[in-house]
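What follows is a single structure, written as structure tokens, with notes after it.
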Amino acid sequence: MNKITIYILTAFFCFTCAKVYSQEKGTKVTSANLQEDNMFYHTIEAGQTVYSIATMYGVGTEDIYRLNPESREVIKTGGKLKIPQKDMATTITATPENRDYTFHAIQPKETLFSLSKRYQVSATNIIDANPGLSVETFQIGKTIRIPSADMEQLPQTESKTVVKNIEYKIERKETMYRLTRKFNVTAEELTARNPELQKGVKAGMTIKVPVKAEETITQTIAQPKEKEVNAMLSAPKQINKVDKIKIALLLPFMADQISQTSTSIRFVEYYEGLLLAIDSLKSAGVSVELIVRDTGAGAQKLNLILNEIALKNVHLIIGAVENEQIKPIAEFARKNGIKYVIPFTSRNDDVLSNYYIYQVNTPHSYLHARASEEAYKMFYDYNIIFVDTYDKDDKAEFIKTFKLELTQKKVPFKDLVFRAESFTNDIHSLLVTDKRNVIIPISGSRSALNKIRSPLRMVVEANPSFHVNMFGYPEWQTYTRECLDDLYALDTYIYTNFYADNMANDVSRFNSKYKTWYSKEMMNTYPKYGILGFDTGMFFFDAIHTYGTNFENNLDKIHYKSIQTGFDFRRANNWGGFINTNLFIVHYNKRDFNVIRHELK
Numbered sequence: 275m276n277k278i279t280i281y282i283l284t285a286f287f288c289f290t291c292a293k294v295y296s297q298e299k300g301t302k303v304t305s306a307n308l309q310e311d312n313m314f315y316h317t318i319e320a321g322q323t324v325y326s327i328a329t330m331y332g333v334g335t336e337d338i339y340r341l342n343p344e345s346r347e348v349i350k351t352g353g354k355l356k357i358p359q360k361d362m363a364t365t366i367t368a369t370p371e372n373r374d375y376t377f378h379a380i381q382p383k384e385t386l387f388s389l390s391k392r393y394q395v396s397a398t399n400i401i402d403a404n405p406g407l408s409v410e411t412f413q414i415g416k417t418i419r420i421p422s423a424d425m426e427q428l429p430q431t432e433s434k435t436v437v438k439n440i441e442y443k444i445e446r447k448e449t450m451y452r453l454t455r456k457f458n459v460t461a462e463e464l465t466a467r468n469p470e471l472q473k474g475v476k477a478g479m480t481i482k483v484p485v486k487a488e489e490t491i492t493q494t495i496a497q498p499k500e501k502e503v504n505a506m507l508s509a510p511k512q513i514n515k516v517d518k519i520k521i522a523l524l525l526p527f528m529a530d531q532i533s534q535t536s537t538s539i540r541f542v543e544y545y546e547g548l549l550l551a552i553d554s555l556k557s558a559g560v561s562v563e564l565i566v567r568d569t570g571a572g573a574q575k576l577n578l579i580l581n582e583i584a585l586k587n588v589h590l591i592i593g594a595v596e597n598e599q600i601k602p603i604a605e606f607a608r609k610n611g612i613k614y615v616i617p618f619t620s621r622n623d624d625v626l627s628n629y630y631i632y633q634v635n636t637p638h639s640y641l642h643a644r645a646s647e648e649a650y651k652m653f654y655d656y657n658i659i660f661v662d663t664y665d666k667d668d669k670a671e672f673i674k675t676f677k678l679e680l681t682q683k684k685v686p687f688k689d690l691v692f693r694a695e696s697f698t699n700d701i702h703s704l705l706v707t708d709k710r711n712v713i714i715p716i717s718g719s720r721s722a723l724n725k726i727r728s729p730l731r732m733v734v735e736a737n738p739s740f741h742v743n744m745f746g747y748p749e750w751q752t753y754t755r756e757c758l759d760d761l762y763a764l765d766t767y768i769y770t771n772f773y774a775d776n777m778a779n780d781v782s783r784f785n786s787k788y789k790t791w792y793s794k795e796m797m798n799t800y801p802k803y804g805i806l807g808f809d810t811g812m813f814f815f816d817a818i819h820t821y822g823t824n825f826e827n828n829l830d831k832i833h834y835k836s837i838q839t840g841f842d843f844r845r846a847n848n849w850g851g852f853i854n855t856n857l858f859i860v861h862y863n864k865r866d867f868n869v870i871r872h873e874l875k
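Heads up: the sequence shown begins at 275 in this note's numbering, then just goes up one per residue.
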């Protein structure tokens, strides 16, 4: 066998193998085979991760990594990522409706009208596919979903029944009666068209006779004009008021178990807080009908509950804890056009593509992004010191996000590895007197706080020229009984998405009412589920009462002063649901030994 033959056979086998691989594995996304028409650019927003972005568009994270290799290490707010359209990507599990769209990043000078013409899709259908689309959100760089084409400019035909007059010459012996029978008309119709018939019917007369006939008319349907189409983004939204608000609360109370667990007790407290909200709103004329169901564990019992006719008529569903139950409820809500509040978990993806969902517990990436942004605003001119105590529960994501923020804005910081035997000397050497200092442990654990709080306080009290703050985490609320004096002495700030000051009047009133109603105290947990249920009910029930079942169009007008959990809902994207991005900065004020809660908007 000569060399030429060998080369030909080798090439043949390589081609065959490549073809088989392609058939078995599908097209692999590479920068070489990806054309501009098969991808778009996503502008990264605060709190988004590669995983959440991939989930949002129904593609795999590996697809994004291949097109954007640097994203394996870090992505930056305001940066852009190449995203393949789903027919060019390894599609991951996404909501079924999201697989039927093309995604488009809005370019300069593009309008709703121009996109409608480009994709041959009616503007109404584009808006329906993107419920969050408005003048404010139709911005350069924002992504929208484009549904399948529906505007082919073909002539439209329709059939109509028309009446035409024909001429007829009256024959011998014909009478008015015979003429009406012959042409299926009335004598009045004939006389109206032929006044001379009033003198009698005579042979040889030529008369007009009405005859009905089917006629096909061809016409091109006129399309809306550019100004009319673009005005659709700013069209006022009607408020869908209801007399009685119907709510479904679906939680795993586990009532059939012999003894309650601490988890099921917390869900009962949430329900009890919700009832207190309903009672509080009565005086404002808010009428609420509450349907409560025990979903148990898993999806079997839940599926039976979702088949109840009554649930299809509610205005709001609240509940579920695990994704095994959240996903079927989310799909049920989408199919029936019902708002759905996920009150507990922060780890759920349905909110990224289901515009009926409201996620109360802020996902960590969004929480850390907002916290790092606020920490920068507070401490950009401080001497910033990160302390690694080698403890579990490290805040790697927050620390990474915050350090990236500082690095991008050229703010210096210092790192210190904790050593018990030398910590006082080590921290003393890093503190300065010409500016304020802030100490940030990179773990939120009790152990990490206990390691540094006492020696740090000793250094500060022994050196009044050092002005020191400490910055920490939501978990620190649970350590206040043992650490409160040190938190005050170190002028401590924490970030958190929930905080209830037991000394505050509104919290005291709630605790008193809860105890009166239920003859018990709430469990000492953070957050307290009874207050969480109350805050959730007060926010959503009043929102529906005031702004109707489509209250999402007026979220910017809803200002509820919460007891524990604040609400600042923002759409995940133009077609997704709402994520609560509220953040509190809590200050244990050294000057007057009180706690100040700042709610950020």
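Glycine included, C-beta positions come from ideal geometry on N, C-alpha and C. Remember, it's a predicted structure, so these values are computed and weren't measured experimentally.
Check the Cα spacing between Gly-804 and each of Ser-433, Leu-464, Ala-551: the tightest is with Ala-551. Scanning its chain for C-beta atoms nearer than 6 angstroms, with the 5 sequence neighbours on each side dropped, one finds around Thr-839 the residues Phe-772, Leu-806, Asp-809, in chain order. Rounded to the nearest angstrom, the gap between the Cα atoms of Tyr-767 and Ala-645 is 11 angstroms. Residue Asp-668 holds the alpha-carbon nearest to the alpha-carbon of Leu-723 among Asp-668, Glu-735, Asn-514. If you check the CB distance, Leu-680 and Ile-701 do not come in under 8 angstroms.
Taking each of Phe-784, Arg-467, Leu-471 in turn and checking the Cα distance to Val-485, the smallest one comes out for Arg-467. In terms of Cβ geometry, Asn-404 and Ile-414 do not form a close pair [threshold 8 angstroms]. Here the C-alpha atom of Phe-852 lies approximately 17 angstroms from the C-alpha atom of Ile-318. In this model, His-316 and Lys-831 are separated by some 29 angstroms (Cα to Cα). Residue range 386-393 is occupied by the alpha helix (DSSP H) that includes Phe-387.
The beta strand (DSSP E) runs lying completely inside the region 674-700 and spanning 3 residues or more are 688-691, given in chain order. If you compare the alpha carbons of Ala-584, Ile-583, Leu-626 with that of Ala-604, the shortest gap goes to Leu-626. Rounded to the nearest whole angstrom, the CA to CA distance from Lys-356 to Leu-874 is 32 angstroms.
Distances from the CA of Ser-554 to each of Lys-447, Asp-780, Gly-718, Ser-433 were compared; the closest alpha carbon is that of Asp-780. Per DSSP, the unbroken alpha helix (DSSP H) holding Val-734 starts and ends at 720-736. Here Thr-569 is near Leu-524, since their CB atoms are less than 8 angstroms apart. In the pairwise beta carbon analysis, the region 841-857 is classified as not touching the region 786-805: fewer than three pairs are separated by under 8 angstroms. Taking the Cβ atoms as the reference, Phe-692 lies roughly 16 angstroms from Ile-658, outside the contact range of under 8 angstroms.
Residue burial annotation: Leu-578 is exposed, with fewer than 16 other C-beta atoms found within 10 angstroms of its C-beta. Here the alpha carbons of His-872 and Ile-837 stand approximately 13 angstroms from one another. Taking 8 angstroms as the cut-off, the Cβ atoms of Gly-822 and Lys-556 do not count as close. From the listed residues Val-742, Ala-670, Gly-718, Ala-694, the smallest Cα separation to Leu-704 is found for Val-742. Between the alpha carbons of Ile-726 and Leu-857 lies a distance of about 26 angstroms. In the structure shown, Leu-585 falls within a helical segment according to DSSP collapsed to helix, strand and coil. It is roughly 34 angstroms from the alpha-carbon of Met-744 to the alpha-carbon of Glu-543. The DSSP-derived three-state label of Thr-465 is helix.
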